Amino acid sequence: MTTHQNTLFQGEQVKEALKQSFIKLDPRILVRNPVMFTVEIGTVVMLIVTAFSFTNHSQGSFGYNLTVFLILLLTVLFANFAEAIAEARGKAQAESLRKTREETPARLLVDGKENQVMSSTLRKGDIFLCEAGDTIPTDGEIIEGIATIDESAITGESAPVIREAGGDKSSVTGGTKVLSDRIKVMVTTQPGESFLDKMIALVEGASRQKTPNEIALTILLAGFTLIFVIVCVTLKPFGDYANTPITIAAFISLFVCLIPTTIGGLLSAIGIAGMDRALRANVITKSGKAVETAGDLDTLLLDKTGTITIGNRKATHFWPVEGVNENEFIKACVLSSLADETPEGKSIVELAEEGAGRLTVKVPDGATFIKFTAETRSSGLDTPDGLRVRKGAFDAIRNMVLKAGNSFPDSVEGRVKIIASNGGTPLVVCQNEKVLGVIELQDIIKTGIYERFERLRKMGVKTVMVTGDNPLTAKFIAEKAGVDDFIAEAKPEDKMNYIKKEQQGGKLVAMMGDGTNDAPALAQADVGVAMNSGTQAAKEAGNMVDLDNDPTKLIEIVEIGKQLLMTRGTLTTFSIANDVAKYFAIVPALFMVSIPSLRALNIMDLHSPESAILSAVIFNAIIIPMLIPLALRGVEYKPIGASALLRRNLLIYGFGGVIVPFIGIKLIDLFVSLFI
């Protein structure tokens, strides 16, 4: 998208996030985050204690209590800032999108007359005109004409695309620009339901709901918070028994340091950032659940054409009949393809012009082109001097040759079978009803697709190719591309049945599609990704829309989903490990004066109970903003398997979560002890 940011923090976004950090102190807002809500309660209590200690020092000095209060306030503000900066990044995108929506004029057709209106007044079923230079005011389907469209405002891709009436390339998106020609478009969405509106709602977080995993983690963190409330309360009688009065400041500081404030402060930012990363990959996700589910996928269904292969078969080899001069055969192949405007026909001409010994053939004067028809299943060229060249399907050319009383070579029939068994398409060429040879067309596997499927396999995702090809061809392409399974001669119900079978086995399934016949499977799949160039039915059925129209984007979405889950998991591991370290920092220091035997547990050799508490709460506060970039950017994902990932996370974030606080708290203690 044109609103992409290259850096995590931009001046305007930081200013807005700082403002929102204070607005989010409203308990009605903060109560949605139980961990930080309890920290806010502790902060309010410390405000009262600080005011009380101004005249009464039974709960510690005024300066000490004020310091604890300010650090706790900063802790809440830092947590609010993490969420606000994630939201601000999205709102920056939303602002430019809203501007596009509100300021775009539309040329509405009413009873054949053209009226100038604003895009916000358009309704579903209205028809408007667009010419070169016009911005398309809202989503629609082209009902008349063809045009070149610049979709960079939505997709970020500079290469223009062609959209035309009929077929599956008729959909246009509001905010894109017409570069050439003239089109008549019918509005397909109601006000507030266009892709611009959905993107605005998405990036602003207005429609964002917590995902099941996020809800479960929130409940878990709330449980941890309740447990540590009980732990802190039980320290009061222990302190009385040890003749060590514990101040309210110490209680609250201990509580705040023990509860998982780190992950509690970053949880919302992680979820928002996950959806934001999907949007930056030019994929609209209708819910955060879809992104998260993508991270847990077991099975992935992909169309063969345009996904695994480049979409058009290309000529790869000329096979002349024995006794036929190769150059003469190639010349006939080119003559039969000069009027063929299909990508396959053009590839035949291109192959003939490549390399040494290849020919450049000119059209004979007075030649008549014979176009391909479903009835003849062949095309070619006739010249005034009686030359007839035909290229077509094996059985069509064979019938033509045999009907003329000529023989059909066994070698050609054998070559046709070999090409078909290798997943290719054979086209037989004849001249004056005599067979000259065979052109081999092959589906060209996309560069790097084998490696990408191998990457998915390492993630534990099973890949399934869906194709209308016969089983023999499908098997060949599947093996060559490296997919795990395939569905040949696939009908809409075949896709549905496969998805249901996988789901009944407890698996999560993703499906990609762009046609109306894909809609049932897109709706059934746990993650349904529709192409933006596809039909309205497909886009409504899926829970994601790929604005780049790149079916292999599913692979990227899987990685984004796994990165989201990994980021949440690793920061949770770090947070819990952090709490363990802070426990060993504060508790021994609190009681080491009255219980000398606890000095052995004061392994950091902290200066005093007061410095230990201040050092721990200061570290607890500053670790949140230090981890904001990681929460927004996400943990780097590597497809190395679940067990390997677990070991890696425990080693880096578990071990690191213990070591970093020990070092950090000790350094802060050395500084704090200078002032106590």
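Count along the sequence shown from 1, then add 633; that gives the number in the working numbering. Don't be surprised by glycine CBs; every beta carbon is placed ideally from N, CA and C. On a predicted model such as this, the values are computed, not experimentally measured, just so you know.
Extent of the continuous alpha helix (DSSP H) run through residue i
i            : result
residue 1027 : 1027 to 1036
residue 1059 : Not the alpha helix (DSSP H): residue 1059 falls in the beta strand (DSSP E), residues 1058 to 1064.
residue 936  : Residue 936 -> not in any alpha helix (DSSP H); beta strand (DSSP E) instead, spanning 932 to 936.
residue 660  : 660 to 663
residue 996  : Segment: none, residue 996 is in no alpha helix (DSSP H) and carries neither H nor E.
Neighbourhood of residue i by C-beta, 6 Å cutoff - its chain only, sequence neighbours within 5 removed
i            : result
residue 638  : Residue placement at residue 638 is flagged as unreliable, the pLDDT there being 42, under the threshold of 50; the coordinate-derived value follows with that caveat. Once the five neighbours on either side are set aside, residue 638 has no close Cβ partner at all.
residue 1196 : 1267 and 1270
residue 839  : Legend: pLDDT at residue 839 = 41, less than 50; position of this residue unreliable, value from coordinates given subsequently. Closer than 6 Å at the Cβ level, and outside the excluded window around residue 839, lies no residue.
residue 1011 : 1023, 1025 and 1029
residue 1306 : 1240 and 1244
residue 824  : none
residue 903  : 1200, 1201 and 1264
residue 1189 : 914
residue 665  : none
Burial state of residue i, where buried means 16 or more other Cβ atoms lie within 10 Å
i            : result
residue 756  : exposed
residue 1126 : exposed
residue 1259 : exposed
residue 841  : Note that residue 841 scores a pLDDT of 49, beneath 50, so its modelled location is shaky and nothing firm can be said.
residue 884  : buried
residue 989  : Low confidence applies to residue 989: its pLDDT is 42, below 50, so where it sits in the model is not reliable, and the reading given next is rough at best. Label assigned to residue 989: exposed.
residue 1122 : exposed
residue 893  : buried
residue 616  : Missing from the structure shown is residue 616; the chain here goes from 634 to 1309 and no further.
residue 644  : exposed
residue 1242 : buried
residue 1124 : exposed
residue 896  : buried
residue 987  : exposed
Beta-carbon spacing of residue i, residue j below 8 Å
i            : j            : result
residue 891  : residue 1215 : yes
residue 698  : residue 682  : yes
residue 632  : residue 818  : Limits of the chain in this structure are 634 at one end and 1309 at the other, which puts residue 632 out of reach.
residue 820  : residue 767  : no
residue 1187 : residue 935  : yes
residue 1177 : residue 923  : yes
residue 779  : residue 794  : no
residue 900  : residue 851  : yes
residue 1098 : residue 937  : yes
residue 798  : residue 769  : no
residue 1290 : residue 1210 : yes
residue 1056 : residue 1110 : yes
residue 973  : residue 951  : no
residue 1154 : residue 1129 : yes
residue 1089 : residue 1080 : no
residue 954  : residue 1068 : yes
residue 752  : residue 807  : yes
residue 1193 : residue 1219 : no
Distance cut-off 7 Å: residue i Cβ against heavy atoms of the ligand ADP
i           : result
residue 676 : Among the components modelled here there is no ligand, and therefore nothing to report on the ligand ADP.
Contacting residues, own chain, Cβ-Cβ under 7 Å from residue i (five flanking each side not counted)
i            : result
residue 1311 : The structure shown has nothing for residue 1311, since the chain only spans 634 to 1309.
residue 1295 : 1214 and 1237
residue 711  : 898, 1254, 1257 and 1258
residue 765  : 811, 812, 813 and 814
Host beta strand (DSSP E) of residue i (start-end)
i            : result
residue 1144 : 1142 to 1146
residue 1002 : 1001 to 1003
residue 1094 : Careful: residue 1094 lies outside any beta strand (DSSP E) and carries neither H nor E.
residue 1177 : 1177 to 1179
residue 919  : Per DSSP, residue 919 belongs to no beta strand (DSSP E) and is neither H nor E.
residue 1268 : No beta strand (DSSP E) holds residue 1268; DSSP gives it neither H nor E.
residue 1012 : 1011 to 1015
residue 738  : 738 to 743
residue 797  : 794 to 797
residue 1163 : 1160 to 1164
residue 747  : 746 to 751
residue 819  : 810 to 820
residue 1078 : No beta strand (DSSP E) holds residue 1078; DSSP gives it neither H nor E.
Other residues of its chain near residue i: CB distance less than 8 Å, five sequence neighbours each side excluded
i            : result
residue 1135 : 931, 932 and 1142
Is the number of C-beta pairs between the region 1011 to 1027 and the region 962 to 982 that are closer than 8 Å three or more?
-> yes
Segment contact flag, the region 707 to 719 with the region 650 to 660, C-beta cutoff 8 Å, min 3 pairs = yes
Quick one: any contact between the region 1025 to 1035 and the region 1060 to 1073, if contact means 3 or more CB pairs under 8 Å?
-> yes
May I ask you to verify whether the region 1063 to 1073 touches the region 1093 to 1102, counting CB pairs closer than 8 Å and requiring at least 3?
-> no
Can at least three beta-carbon pairs, one atom from the region 1036 to 1056 and one from the region 908 to 918, be found at a separation below 8 Å?
-> no
Can you find at least 3 beta carbon pairs, one from the region 1150 to 1165 and one from the region 955 to 962, that sit closer than 8 Å?
-> no
Sufficient close CB pairs (3 or more, under 8 Å) joining the region 854 to 869 to the region 679 to 694 = no
Could you tell me whether the region 1170 to 1182 touches the region 1244 to 1253, where touching means 3 or more Cβ pairs closer than 8 Å?
-> no
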